[in-house]
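A.B. asks: Here the sequence shown stands for residues 179 to 704, where the numbers follow the working numbering.
Virtual Cβ for every residue (Gly too), placed ideally from N, Cα, C.
Handing you a structure now.
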Amino acid sequence: MEKPLWWQRGLIYQVYPRSFQDTDGDGVGDLSGIAGRLDYLVTLGIDALWLSPIQPSPMADFGYDISDYCNVDPLFGTLADFDRLLADAHARGLRLILDFVPNHTSERHPWFVESRRSRDDARRDWYIWRPPGPDGGPPNNWLSRFGGSAWERDEATGDYYLHSFLKQQPDLNWRNPAVRSAMMDALRFWLDRGVDGFRMDVLWVLIKDDQFRDNPVNPAWKSGDPLHDQFIDLYTADRPEVQDIVAGMRSVIDGYPGDRVMIGEIYLPVDRLVAYYGTALHGAQLPFNFQLINAKWDAATIADIVRKYEAALPAGAWPNWVLGNHDQPRIASRVGSVQARVAAMLLLTLRGTPTLYYGDEIGMRNGTIPPELVQDPAEKIQPGIGLGRDPQRTPMQWDASPGAGFTVGRPWLPIDPIATLENVAAMSRDPGSIWTLHHALIALRRDTTALSIGALQEVEADGSVLRFSRVEGSQRLLILLNMGDAPRKVAPGPATILLSTYLDRAQEPVDTVTLRPGEGLVLEAG
Ligand code: GLC
């Protein structure tokens with residue numbers, strides 16, 4: 179390939195700022211805390227950090243409800259703290275990516291405060307307002323992604339406003355050119371300060387049907403499923419007009435030097451997902467590929483996912499892979515601690531930019547949150563059906579101290595008691611830990627061109643073993659992942675083991691090899 183860009187070679191690390199490092203003792207992480215951990219991120223070997231939202235917010239959805247796009251919430255610090263963090267990151271060769279939340283603001287954003295005042299307010303059309311439906315109720319059947327109608331009646335005028343998420347998160351009207359230009363200015367505000375890119379929140383949801391047609395009933399929905407899934411998102415997501423907005427954002431970002439990157443949060447089937455690379459690749463450079471998150475954990479399923487994704491990529495599009503994020507159960511809880519190592523090897527040896535969720539490098543699991551400590555509105559609205567996201571947002575486990583090195587105060591979510599044993603300090607000293615495995619995989623990926631940018635070939639499932647090759651010039655690496663719990667003998671031909679998920683057989687020459695249960699190997703052929 180042509181000279182690869184940093185975000186093609188690199189590894190992205192997601193920081194959930196509330197849970198990474200507290201420095202002022204309020205039990206919530208902050209920007210100074212992140213700055214104090216940059217050397218750790220350098221040691222781990224990452225290239226870029228993406229911060230979940232840090233802008234001022236009433237925190238109804240923990241920062242995804244923004245009341246000022248161009249500032250920092252005092253909980254996290256100040257703009258000066260941000261500038262310092264960015265400079266400190268750049269001084270270490272780290273890039274910094276911000277979350278951007280274009281679909282909705284907080285209800286307390288001054289734009290919405292004005293918009294809801296009267297029907298003829300200058301900002302009325304900045305949000306999506308409709309008169310009541312024929313029966314006096316909501317204008318149509320659209321549902322909030324958190325459950326319940328997506329429409330909220332507003333006392334001031336009797337009209338309803340649209341909220342695809344919480345009622346505290348009114349949807350912006352992206353069909354209004356004034357909204358577009360204000361949001362592009364918000365992007366420029368951060369680009370001018372030097373950020374290296376954005377992760378765009380719910381990018382596929384920005385535009386809704388302009389005729390406000392009812393969504394069709396989902397025949398597969400059954401009682402106990404998320405309420406939102408009662409209808410199919412035909413008129414509320416992935417509308418064709420969204421592509422023009424995506425391209426508009428990209429062109430603002432491309433107006434700045436330094437190969438800045440646009441990542442899109444998009445939950446869609448692959449054939450629709452790849453549309454977000456845009457016509458002539460003028461869309462998002464990295465439309466997040468979440469397929470591994472919901473995949474059945476077996477070799478045949480994963481082989482199929484990888485092959486179909488690679489085949490669906492438009493010419494020149496760069497792939498990416500994700501195992502978890504702040505909305506999804508932890509990988510170590512989904513597949514267990516043995517397979518979590520296989521998952522790490524998969525993420526870091528596939529072709530494409532990997533994004534690592536904070537704490538996955540130490541195998542953090544879903545925390546247990548007693549009912550009285552639940553924070554997430556998703557759990558409060560529909561309790562007990564597994565929608566709550568607090569378990570994957572528990573504080574980073576830095577050391578064995580009472581606050582796990584995260585805080586000296588009372589943490590906003592409980593620290594997993596396992597932190598006394600499983601923490602960065604202990605695991606980075608342990609030559610057999612999952613932390614050490616991540617560290618070794620990241621180093622191997624960085625130092626081996628075939629792994630970082632090489633072609634992907636021969637993706638196959640052989641019983642419980644997933645195998646594929648990464649090739650660059652004369653270098654051929656073979657990856658073998660035993661996704662089962664029985665040993666499996668394989669014959670890769672003459673090769674040298676570079677790394678095992680068990681971390682105990684580097685530089686071993688082999689011709690045939692028995693993979694232990696849940697063992698993954700990277701081998702160099704020849
Ligand atoms: C995205 C975020 C999620 C948030 C939602 C609404 O999906 O990742 O955390 O609740 O958008 O902003």
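Sorted by chain position, which residues of the same chain lie with C-beta nearer than 6 Å to glycine 587's C-beta, five sequence neighbours on each side aside?
C.D. replies: If we look at glycine 587 and ignore the five residues flanking it on each side, its Cβ neighbours are Gly203, Asp204, Gly205.
A.B. asks: For my contact list, aspartate 374 and alanine 226 are in at a C-beta cut-off of 8 Å; report their separation, rounded to the angstrom.
C.D. replies: 6 Å between Cβ atoms; contact.
A.B. asks: Quick one: does the C-beta of aspartate 407 sit closer than 6 Å to a heavy atom of the ligand ZN?
C.D. replies: The ligand ZN is not part of this structure, which contains only the ligand GLC.
A.B. asks: Taking 8 Å as the limit between beta carbons, can you name the residues of its chain near valine 357, skipping five residues before and five after?
C.D. replies: The residues are Trp304, Leu350, Asn351.
A.B. asks: Here's the rule I'm using: 16 or more other beta-carbon atoms within 10 Å means buried, otherwise exposed. How should lysine 386 be labelled?
C.D. replies: Lysine 386 should be labelled buried.
A.B. asks: Is it right to say aspartate 608 is buried, meaning 16 or more other beta carbons lie within 10 angstroms of its own, or is it exposed?
C.D. replies: Under this definition aspartate 608 is an exposed residue.
A.B. asks: Look at the Cβ atom of leucine 634, then the Cβ atom of asparagine 660, and state whether they are nearer than 7 Å.
C.D. replies: Cβ distance not < 7 Å, so leucine 634 and asparagine 660 don't count as in contact.
A.B. asks: Measure from the alpha carbon of arginine 295 to the alpha carbon of each residue in Tyr487, Ile471, Tyr339, Val424, then state which is nearest.
C.D. replies: It is Tyr339.
A.B. asks: Is the beta carbon of isoleucine 190 closer than 7 Å to that of threonine 533?
C.D. replies: Contact: yes.
A.B. asks: Does the stretch 260–279 touch the stretch 359–379, meaning 3 or more C-beta pairs lie closer than 8 Å?
C.D. replies: Touching, yes.
A.B. asks: Report yes if the C-beta distance between serine 321 and aspartate 239 is below 7 Å; otherwise report no.
C.D. replies: For the record, residue 321 in the displayed sequence is leucine; it is not serine. Not a contact, by the Cβ cut-off of 7 Å.
A.B. asks: Tell me the rounded alpha-carbon separation between threonine 626 and aspartate 476.
C.D. replies: Cα-Cα distance, rounded: 27 Å.
A.B. asks: Compute the minimum distance between the beta carbon of phenylalanine 290 and the heavy atoms of the ligand GLC, and state whether it is under 6 Å.
C.D. replies: Answer for phenylalanine 290: no, Cβ out of range of the ligand GLC.
A.B. asks: Whose C-alpha, out of Pro236, Gln347, Trp307, is nearest the C-alpha of arginine 331?
C.D. replies: Here the closest residue by C-alpha is Trp307.
A.B. asks: Tell whether a beta-carbon distance below 7 Å holds between serine 293 and arginine 286.
C.D. replies: No, they are not a contact pair.
A.B. asks: So, leucine 615 versus arginine 519, is the Cβ gap smaller than 7 Å?
C.D. replies: Yes, they are a contact pair.
A.B. asks: Under the three-state reduction of DSSP, which class applies to serine 647: helix, strand or coil?
C.D. replies: Serine 647: strand per DSSP, three-state reduction.
A.B. asks: Just to confirm, are valine 119 and isoleucine 657 a CB contact at a threshold of 7 Å?
C.D. replies: Summary: the structure shown does not reach residue 119, with the chain confined to residues 179 through 704, and so no result is reported for it.
A.B. asks: DSSP three-state label for arginine 366, please.
C.D. replies: DSSP places arginine 366 in helix when its eight states are reduced to three.
A.B. asks: What is the DSSP secondary structure of glutamine 469, counted as helix, strand or coil?
C.D. replies: Helix, per DSSP.
A.B. asks: State the DSSP-derived secondary structure class of leucine 222, mapped to helix, strand or coil.
C.D. replies: Helix.
A.B. asks: In terms of DSSP beta bridges, what is threonine 457 paired with?
C.D. replies: Bridge partners of threonine 457: none, in fact.
A.B. asks: For serine 511 and arginine 571, I'd like the C-alpha separation in whole angstroms.
C.D. replies: Going from the Cα of serine 511 to the Cα of arginine 571 covers about 13 Å.
A.B. asks: Could I get the ranges of all uninterrupted beta strand (DSSP E) runs contained in the stretch 286–373, with 3 residues as the minimum, in chain order?
C.D. replies: Listed in chain order, they are 329–331, 338–340.
A.B. asks: Quick one: Cα of isoleucine 174 to Cα of arginine 543, how far?
C.D. replies: In this structure the chain extends from 179 to 704, so residue 174 is not present and cannot be described.
A.B. asks: With a threshold of 6 Å, establish whether the CB of valine 380 neighbours any heavy atom of the ligand GLC.
C.D. replies: Under cutoff, so the answer is yes.
A.B. asks: Here's the rule I'm using: 16 or more other beta-carbon atoms within 10 Å means buried, otherwise exposed. How should leucine 435 be labelled?
C.D. replies: Inspection of the sequence shows that residue 435 is occupied by proline rather than by leucine. The residue in question, proline 435, is exposed, as its Cβ has fewer than 16 Cβ neighbours within 10 Å.
A.B. asks: What do you reckon, are the CB atoms on proline 573 and serine 197 nearer than 7 Å?
C.D. replies: Closer than 7 Å, so yes.
A.B. asks: Could you give the residue range of the beta strand (DSSP E) that holds glycine 442?
C.D. replies: Start and end: 439–442.
A.B. asks: Span of the alpha helix (DSSP H) holding phenylalanine 260?
C.D. replies: Segment 257–269, the alpha helix (DSSP H) holding phenylalanine 260.
A.B. asks: Identify, in the order they occur along the chain, each residue of the same chain with its Cβ nearer than 6 Å to the Cβ of tyrosine 487, setting aside the five sequence neighbours on each side.
C.D. replies: Only Val448 meet the Cβ criterion.
A.B. asks: Just to confirm my understanding: we take phenylalanine 468, look at its own chain, exclude 5 residues before and 5 after, and list those with CB closer than 7 Å. What are they?
C.D. replies: Taken in chain order, the residues that qualify are Tyr445, Val500.
A.B. asks: What's the C-alpha gap between valine 279 and asparagine 503?
C.D. replies: Approximately 16 Å, taken between the alpha carbons.
A.B. asks: Taking the alpha-carbon positions, what's the methionine 523 to valine 668 distance?
C.D. replies: Methionine 523 and valine 668: Cα-Cα distance of roughly 18 Å.
A.B. asks: Name the one or two DSSP bridge partners that tyrosine 191 has.
C.D. replies: Leu227, Leu534, per the DSSP bridge assignment.
A.B. asks: Determine the burial state of asparagine 601: buried for a count of at least 16 other Cβ atoms within 10 Å of its Cβ, exposed for fewer.
C.D. replies: Per the 10 Å Cβ criterion, buried.
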